[in-house]
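S.K.: Chains as they are written, first to last, in this note's numbering: chain H, 1 to 291; chain D, 1001 to 1757.
Structure provided below as structure tokens; questions to follow.
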Amino acid sequence: MEAFEYLAPSSLAEAFTALGNGKRSMMLAGGTDVIVQLRENRRHCDQLIDLKHIPELMSVDIRSDGGLDIGAAVPLADLYNNREIARRWPGLVDSASIIGGTAIQSRASFGGNLCNASPAADSSPSLMVHDARLVVASASGTREVPVEAFFAGPGRSVLQPGEILLRISIPPQPARSAVFYHRFIPRNEMDIAVASAGVRLALDESGERIASARVALGAVGPTPMMVAAAAEAVTGQAPTSETFAKAGEAAAAAAQPITDMRGSMAQRKHLASVLTVRAFERALQRIREAR
Amino acid sequence: MTTTDRSTNYRIIGTRPVRPDGVEKVTGKAQYGADIRLPGLLHGRVLRSPHAHARIVAIDTSEAEKMPGVLAVVTHRDFPAARDVVQEIGESSVNALELSDNVLASRKALYRGHAVAAVAATSVHLAEEALTKIRVEYQVLPPVLDVRDAMREDAPLLSETRFTKELGGARSEKPSNIASHLRFQGGNPDAALEEADVVIEREYRTKMVHQGYIEPHNSTATWNADGTITIWTSTQGAFSVRAQVAEILRHPISSIRVIPMEIGGGFGGKLPIYLDPVAALLSKKSGRPVKVLMNRTDVFEGSGPTSGTWVKVKLGLKDGKISGVKAELAYEAGAYPGSPVGAGSMTMLAPYVIDNFQIDGYDVVLNKPKVAAYRAPGSPAAAFAFEQALDEAARAIGADPLQFRLDNSAREGSRMVTGAPLAKVGHEECVQAILDSPHYKSPIEGPYRGRGVASGYWFNGGMQSSVVAAVNPDGTVNLIEGSTDIGGTRASLAMQLAETLGIRYEDIHATVVDTDSVGHNDVTGGSRTTFASGMAVYQAGMDIRQQMCERAAREWNVPVDKVEYEDGRITWTDGEGTFKETSFAEQARTAAQKGGPIVGKASLSARGVGGAYSTHVVDVEVDPDTGKVTILRYTAAQDVGTAIHPSYVEGQIQGAVAQGVGWALNEEYYFDDEGRMLNSSFLDYRMPTSLDLPMIDTILVEVPNPGHPYGVRGVGEVPIVPPLAAVANAIADATGRRFTELPISPRRVVEELHGLA
Chain H
1 MEAFEYLAPS
11 SLAEAFTALG
21 NGKRSMMLAG
31 GTDVIVQLRE
41 NRRHCDQLID
51 LKHIPELMSV
61 DIRSDGGLDI
71 GAAVPLADLY
81 NNREIARRWP
91 GLVDSASIIG
101 GTAIQSRASF
111 GGNLCNASPA
121 ADSSPSLMVH
131 DARLVVASAS
141 GTREVPVEAF
151 FAGPGRSVLQ
161 PGEILLRISI
171 PPQPARSAVF
181 YHRFIPRNEM
191 DIAVASAGVR
201 LALDESGERI
211 ASARVALGAV
221 GPTPMMVAAA
231 AEAVTGQAPT
241 SETFAKAGEA
251 AAAAAQPITD
261 MRGSMAQRKH
271 LASVLTVRAF
281 ERALQRIREA
291 R
Chain D
1001 MTTTDRSTNY
1011 RIIGTRPVRP
1021 DGVEKVTGKA
1031 QYGADIRLPG
1041 LLHGRVLRSP
1051 HAHARIVAID
1061 TSEAEKMPGV
1071 LAVVTHRDFP
1081 AARDVVQEIG
1091 ESSVNALELS
1101 DNVLASRKAL
1111 YRGHAVAAVA
1121 ATSVHLAEEA
1131 LTKIRVEYQV
1141 LPPVLDVRDA
1151 MREDAPLLSE
1161 TRFTKELGGA
1171 RSEKPSNIAS
1181 HLRFQGGNPD
1191 AALEEADVVI
1201 EREYRTKMVH
1211 QGYIEPHNST
1221 ATWNADGTIT
1231 IWTSTQGAFS
1241 VRAQVAEILR
1251 HPISSIRVIP
1261 MEIGGGFGGK
1271 LPIYLDPVAA
1281 LLSKKSGRPV
1291 KVLMNRTDVF
1301 EGSGPTSGTW
1311 VKVKLGLKDG
1321 KISGVKAELA
1331 YEAGAYPGSP
1341 VGAGSMTMLA
1351 PYVIDNFQID
1361 GYDVVLNKPK
1371 VAAYRAPGSP
1381 AAAFAFEQAL
1391 DEAARAIGAD
1401 PLQFRLDNSA
1411 REGSRMVTGA
1421 PLAKVGHEEC
1431 VQAILDSPHY
1441 KSPIEGPYRG
1451 RGVASGYWFN
1461 GGMQSSVVAA
1471 VNPDGTVNLI
1481 EGSTDIGGTR
1491 ASLAMQLAET
1501 LGIRYEDIHA
1511 TVVDTDSVGH
1521 NDVTGGSRTT
1531 FASGMAVYQA
1541 GMDIRQQMCE
1551 RAAREWNVPV
1561 DKVEYEDGRI
1571 TWTDGEGTFK
1581 ETSFAEQART
1591 AAQKGGPIVG
1601 KASLSARGVG
1611 GAYSTHVVDV
1621 EVDPDTGKVT
1631 ILRYTAAQDV
1641 GTAIHPSYVE
1651 GQIQGAVAQG
1661 VGWALNEEYY
1671 FDDEGRMLNS
1681 SFLDYRMPTS
1691 LDLPMIDTIL
1701 VEVPNPGHPY
1711 GVRGVGEVPI
1721 VPPLAAVANA
1731 IADATGRRFT
1741 ELPISPRRVV
1751 EELHGLA
């Protein structure tokens, strides 16, 4: 671990000033990845900018239009401990409650998890199927990026130097819809996804047909990926196991995994299908339970 | 004095008091090696080879030495020339030449993570930076990473001068990675297999796995101005560290003092030394105390895991009995010879009576870390193979797998493959205990659910122990001992002394001291401490009793052989109504007036070691879509001799089963083609967590060891022998597929069930 400076700006303006001082900067939005990477010399910086003292990054807003804004540095525990969020966005809790253990979740944030840009990140598929937008700020203004367009490769995002991820903006979700996210790990805790899948399932008014769907996979490619073919395979169909199996096949076909110490290519393609099918089943169950 | 066969009226033995070191540990006050703070302390770091196999052409440390704050740099050149001698360190032995070369590589780096240089600096960060300034010129060589590949004639050789020690002391014609070939044989296995009703023939493989102790290796050393060396370290045997350091540094053993700190797990992995001579040399060069710590990656890559193995078994049945066995075992030794293939070969058949057998063992070097002992070293992989073959054989004849084991069981007088007859042992009792258990009597139902059983054996060890027990005026006793306390041995030794003296457990103060402060003690290994140090404690207690009886006899003017000692009371009677009595407490209180301090002591090389058997049953459920195996229920029965402290015995069994389940399901060293371990963290090495295991039920079968005054057998190792095979047998029962290669990970299961591989 090399020496670095620690800065804790209390406003965005201060943060941008620090970002513009010419030093190599890294952001701290929890530190559960960054500190480990610095300690193991996998990343290097001159200054670490702690974002947890900037109010905009630490706020949660349940909007009147039915949407949800989550500050990029809000601890995961603050999400699942918020009863209304837990009730209305259980698909977010699916992610927030499995990133690290309890102690980690008191520090770690969705923003940090996204910016770390691991292909296996547990926040990504869930936020992608929620159709979340990322609000990115710089000294010159803000811009919005859909989550699925945020990742550029393993460990890389489209964030430019001088930019800070400000918040995650989740639009109102369709009627009669539910999200479910899960991953496969060989143990029951303390592990990284071998493969993961998130789906959003929306039924039509009759409840007999699938009005729309979104499917996202993690750990089966260089970035988390949306699988449009899986969504198309089920749209307009009855929510049956046969229908979900088609989505599973499409997910397996879309997956482009590698073989590494966490799993094999063949295993991950197979899991993409299994996890997609099971996620659909669980999302359907959530819709039915909500009625 | 009646000392055996008292199992029904022990006062202390069999109870469950609080361990003396418990409060310090749960409050975080206990001192481990990493806690050492000394004035002027420097921090050492070790540079490790990035290559699995490379010639070291040159090492240039000049840039590192110039850095401000860097006070010493050492390489293998700083070691004195090592001698080609073998040292026994308990459950394993080391050749000093190879040990020295493993501690800091000389001509070749033989595995990734092999230490090549070390620095001491005023901060850890400076030390780390200094490592980047050391220039090592490597000539990279092709590595050999698989035991079967390493045995091939055209395999890359780790050493051009290593020849196979063949049977009968012969030597191979050509250099080889096969360090030695051993054989055990009896009867006529070929004829028996020819005439068998059923023959099972299979090959089995296990991967290199690590003990996974929580506390990384550490060592702090000062090379004092008078030439003495003091070492604070985490070890299973301070005297063994002293001997190894003395040999490598060619330093007088009496000038080295090793202070054992508390230990955060060892399981055999803290028998060899890694950092101690390095810290000592860095201290010598810098004139300051130096602390060297490993991180987790260092531990995985640079300490001693256990062997990956290949085992072939051919097993024949005749009339429901095991009629013949031929087996070959090839064990990875890592970079230097010394795999536990001998122990694997000797234990594999030990639960059974088998007259016709031939077992060939091969000790094979390859470009992986030098293996160290790991809990019953060598036995689990052998049992993984043989107990699965037995399972198939029992199925083939429609026999209940436990009844089949009972029908073939070894018992007192049965001969091991070495020809040695067994003393009183409890394998049949263990199998019967599982047969009678509520677990085995319950049904196992549902799709993809299955049940497996397996047995295992471990020799256990004796070796040397020394203790001193000093009686205090207030009736308490200071028990001074030198056995590292890994599994609650301060308590189990104090309990045996309290039992012997007939006083309260709470009145014994057990302390583990350094090498200057007690006679020689061999390592805490081989499940020997409660047995052998316990025997010494008993003798020291008897020494105290004898001294007290002598004092009473002198005072009463009666013959000492008529004075009796029982439950802390010292009595004499003439049989005609005259009665005299004193007590342990009174003798303690009045010692100063009646002849001075009373100190009991004992030093011994323990005989009468009792081997241990264990039989396990496990229920599993397999998710056919993901390949994930869930352990539903686990029961382990074990012959524990006498359970001195039943909670700690149960803890040993449960801990070993947890490790065995991890070994069976997920743990493995995962290497790339260049020999780089890719999962050298607890995140990706995947030991089981508490969420991955059910409560592990234990059945303590007490068949007292006749060789020990309280019937003690070692208990810590044998429970890791059956789990690998028991889990594999359960998975075979659940899926109808036989998995012969570990780990039986979700990847392997799902690829097998869906034809993906």
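Note that CB positions come from ideal geometry on N, CA and C, so glycine has one too.
For a test of the three-state rule: what should DSSP assign to Val1241/D, helix, strand or coil?
M.R.: Residue numbering aside, residue 1241/D sits at position 241 when the second sequence is read from its first letter. Reduced to three states, the DSSP call for Val1241/D is helix.
S.K.: Which whole-angstrom value is the C-beta distance of Ser196/H and Arg183/H, which I expect to be below 8 Å?
M.R.: Locating residue 196/H in the first sequence gives position 196, counting from the first residue. Locating residue 183/H in the first sequence gives position 183, counting from the first residue. Correct: roughly 4 Å between the Cβ atoms.
S.K.: Roughly how many whole angstroms lie between the Cα atoms of Leu1182/D and Ile1503/D?
M.R.: The residue you call residue 1182/D lines up with position 182 of the second sequence. The residue you call residue 1503/D lines up with position 503 of the second sequence. Looking at the two C-alpha atoms, the distance is approximately 50 Å.
S.K.: With 8 Å set as the bound, which would you pick, yes or no: does the beta-carbon of Val1365/D sit closer than that to a beta-carbon of chain H?
M.R.: Here residue 1365/D corresponds to residue number 365 of the second sequence, with the count starting at 1. No - not a single Cβ of chain H is within 8 Å of the one on Val1365/D.
S.K.: Check the Cβ of Ala266/H against every Cβ in chain D and list those closer than 8 Å, keeping chain order.
M.R.: Taking the first residue of the first sequence as position 1, residue 266/H is located at position 266. Within 8 Å Cβ-Cβ: Glu1751, Leu1756 and Ala1757.
S.K.: What is the DSSP secondary structure of Glu1428/D, reduced to helix, strand or coil?
M.R.: Walking along the second sequence from the start, residue 1428/D turns up at place 428. Here Glu1428/D sits in helix by DSSP.
S.K.: If we count Cβ pairs, one from each stretch, closer than 8 Å, do we get three or more for the stretch 1649–1669 of chain D versus the stretch 1354–1367 of chain D?
M.R.: As far as the Cβ criterion goes, the stretch 1649–1669 of chain D does not touch the stretch 1354–1367 of chain D, which means the pair count is below three.
S.K.: Within the 8 Å Cβ cut-off, does His270/H reach chain D?
M.R.: Position 270 of the first sequence, counting from 1, holds the residue named residue 270/H. At least one chain D Cβ lies under 8 Å of His270/H.
S.K.: Taking the CB atoms as reference points, tell me whether Ser1455/D and Arg1405/D lie closer together than 8 Å.
M.R.: Indexing the second sequence from 1 puts residue 1455/D at position 455. Indexing the second sequence from 1 puts residue 1405/D at position 405. Against a cut-off of 8 Å, the Cβ pair of Arg1405/D and Ser1455/D comes out as a contact.
S.K.: Would a C-beta distance cut-off of 8 Å place Ala1372/D and Gly1227/D closer than the cut-off?
M.R.: Translated into positions along the second sequence, residue 1372/D becomes position 372. Translated into positions along the second sequence, residue 1227/D becomes position 227. Their beta carbons are not under 8 Å apart, which means Ala1372/D does not touch Gly1227/D by this criterion.
S.K.: Shortest alpha-carbon distance to Arg187/H belongs to which of Asp1623/D, Ser1180/D, Glu1717/D and Asp1400/D?
M.R.: Within the first sequence, numbered from 1, the residue matching residue 187/H stands at position 187. Looking at the Cα atoms, Asp1623/D is the closest of the given residues.
S.K.: Is the beta carbon of Gly1488/D less than 8 Å from the beta carbon of Arg1019/D?
M.R.: Locating residue 1488/D in the second sequence gives position 488, counting from the first residue. Locating residue 1019/D in the second sequence gives position 19, counting from the first residue. In this structure, Arg1019/D lies closer than 8 Å to Gly1488/D by Cβ.
S.K.: Can the beta-carbon of Leu1131/D be found closer than 8 Å to that of Gly1069/D?
M.R.: Taking the second sequence and counting its residues from 1, one reaches residue 1131/D at position 131. Taking the second sequence and counting its residues from 1, one reaches residue 1069/D at position 69. Taking 8 Å as the Cβ cut-off, Leu1131/D and Gly1069/D do not qualify as a contacting pair.
S.K.: Work out the CA separation of Ala1385/D and Tyr1331/D for me, nearest whole Å.
M.R.: Your numbering for residue 1331/D matches position 331 in the second sequence. Your numbering for residue 1385/D matches position 385 in the second sequence. Approximately 13 Å, taken between the alpha carbons.
S.K.: Interface residues of chain D around Gly263/H at Cβ under 7 Å?
M.R.: Position 263 of the first sequence holds residue 263/H. Those are Arg1747, listed as they occur along chain D.
S.K.: Between which two residues does the beta strand (DSSP E) carrying Glu1137/D extend?
M.R.: One-based indexing of the second sequence puts residue 1137/D at position 137. Counting along the chain, the beta strand (DSSP E) containing Glu1137/D begins and ends at Arg1135 to Val1140.
S.K.: For a contact defined as C-beta to C-beta under 7 Å, what are the partners of Glu189/H on chain D?
M.R.: As a first step, residue 189/H must be located in the first sequence, where it is residue number 189. Going along chain D in sequence order, the residues near Glu189/H (Cβ under 7 Å) are Thr1689 and Leu1691.
S.K.: Suppose the cutoff is 6 Å on Cβ atoms and the five residues either side in sequence are ignored; what does the same chain contact list for Ala1637/D look like?
M.R.: Within the second sequence, residue 1637/D is the residue found at index 637, counting from 1. The residues are Cys1430, Ala1433, Ile1434, Thr1615, Ile1699 and Val1701.
S.K.: Kindly indicate which residue of Gly1187/D, Arg1171/D and Gly1186/D has the alpha-carbon position closest to the one of Ser1180/D.
M.R.: Position 180 of the second sequence, counted from the first residue, corresponds to residue 1180/D. Nearest C-alpha to Ser1180/D: Arg1171/D.
S.K.: Taking the CB atoms as reference points, tell me whether His1708/D and Gly1595/D lie closer together than 8 Å.
M.R.: Numbered from 1 along the second sequence, position 708 holds the residue referred to as residue 1708/D. Numbered from 1 along the second sequence, position 595 holds the residue referred to as residue 1595/D. Taking 8 Å as the Cβ cut-off, His1708/D and Gly1595/D do not qualify as a contacting pair.
S.K.: DSSP three-state label for Ser123/H, please.
M.R.: For the purposes of this step, residue 123/H is taken as residue 123 along the first sequence, with counting starting at 1. Of the three classes helix, strand and coil, the one that applies to Ser123/H here is coil, per DSSP.
S.K.: Quick one: does Thr1122/D have its CB under 8 Å from some CB of chain H?
M.R.: The count along the second sequence starts at 1 and reaches residue 1122/D at position 122. No, Thr1122/D does not count as interfacial toward chain H.
S.K.: Give me the chain H residues within the contact set of His1125/D, using Cβ-Cβ distance strictly less than 9 Å, ordered along the chain.
M.R.: Here the question's residue 1125/D lines up with position 125 in the second sequence. Result: Met1, Glu2 and Ala3.
S.K.: What is the DSSP secondary structure of Phe1384/D, counted as helix, strand or coil?
M.R.: By one-based count along the second sequence, residue 1384/D stands at place 384. Phe1384/D falls in the helix class under three-state DSSP.
S.K.: Measuring only between beta-carbons, confirm whether Asp131/H sits less than 8 Å from chain D.
M.R.: Reading the first sequence from its first residue, position 131 is the one you call residue 131/H. By this cut-off, Asp131/H is not an interface position.
S.K.: Taking Ile1200/D as the reference, which of Ala1243/D, Lys1326/D, Ile1644/D and Asn1367/D has the closest Cα?
M.R.: Sequence index remark: in the second sequence, residue 1200/D carries index 200 (1-based). Here the closest residue by C-alpha is Lys1326/D.
S.K.: Find out if the Cβ-Cβ distance for the pair His1211/D, Gln1087/D is shorter than 8 Å.
M.R.: To locate residue 1211/D, count along the second sequence from 1; it is residue 211. To locate residue 1087/D, count along the second sequence from 1; it is residue 87. Note that residue 1211/D is Gln in the sequence shown, not His. Not in contact: Gln1211/D and Gln1087/D (Cβ atoms no closer than 8 Å).
S.K.: Comparing the C-beta of Pro161/H with each C-beta of chain D, is any distance below 8 Å?
M.R.: Counted from its first residue, the first sequence places residue 161/H at position 161. Chain D, which has no Cβ nearer than 8 Å to the Cβ of Pro161/H, makes this no.
S.K.: Can you name the residues of chain D whose CB is closer than 9 Å to the CB of Asp46/H?
M.R.: By one-based count along the first sequence, residue 46/H stands at place 46. Ordered by position in chain D, no residue passes the 9 Å Cβ test against Asp46/H, which lies about 15 Å from the chain.
S.K.: Taking only three categories from DSSP, how would you classify Gly1022/D?
M.R.: Taking the second sequence and counting its residues from 1, one reaches residue 1022/D at position 22. DSSP places Gly1022/D in helix when its eight states are reduced to three.
S.K.: Skipping 5 residues on each side, what residues in its chain have a beta carbon closer than 7 Å to that of Asp960/D?
M.R.: Beyond the ends of chain D as shown, which are 1001 and 1757, falls residue 960/D; an answer cannot be given.
S.K.: Near Ile1134/D, what residues of its chain come up, given a Cβ to Cβ distance below 6 Å and the 5 sequence neighbours on each side ignored?
M.R.: Position 134 of the second sequence, counted from the start, is the residue given in the question as residue 1134/D. Only Leu1047, Thr1061, Ala1064 and Ala1117 meet the Cβ criterion.
S.K.: Could you name the residues of chain H that Arg1686/D contacts, counting a contact when the two beta carbons are closer than 8 Å?
M.R.: To locate residue 1686/D, count along the second sequence from 1; it is residue 686. Within 8 Å Cβ-Cβ: Pro186, Arg187 and Asp191.
S.K.: Can you check whether the C-beta of Lys1628/D is within less than 8 Å of a C-beta belonging to chain H?
M.R.: Residue mapping note: residue 1628/D aligns to position 628 of the second sequence, counting from 1. Closer than 8 Å to some Cβ of chain H, the Cβ of Lys1628/D qualifies, so yes.
S.K.: CA-CA distance, Ala1612/D and Phe4/H?
M.R.: Position 612 of the second sequence holds residue 1612/D. Position 4 of the first sequence holds residue 4/H. When rounded, the distance between both Cα atoms is 56 Å.
S.K.: So which residues on chain H does Leu1724/D lean against when the C-beta distance must stay under 9 Å?
M.R.: Locating residue 1724/D in the second sequence gives position 724, counting from the first residue. Those do not exist, as Leu1724/D stays about 17 Å from chain H at its closest Cβ, beyond 9 Å.
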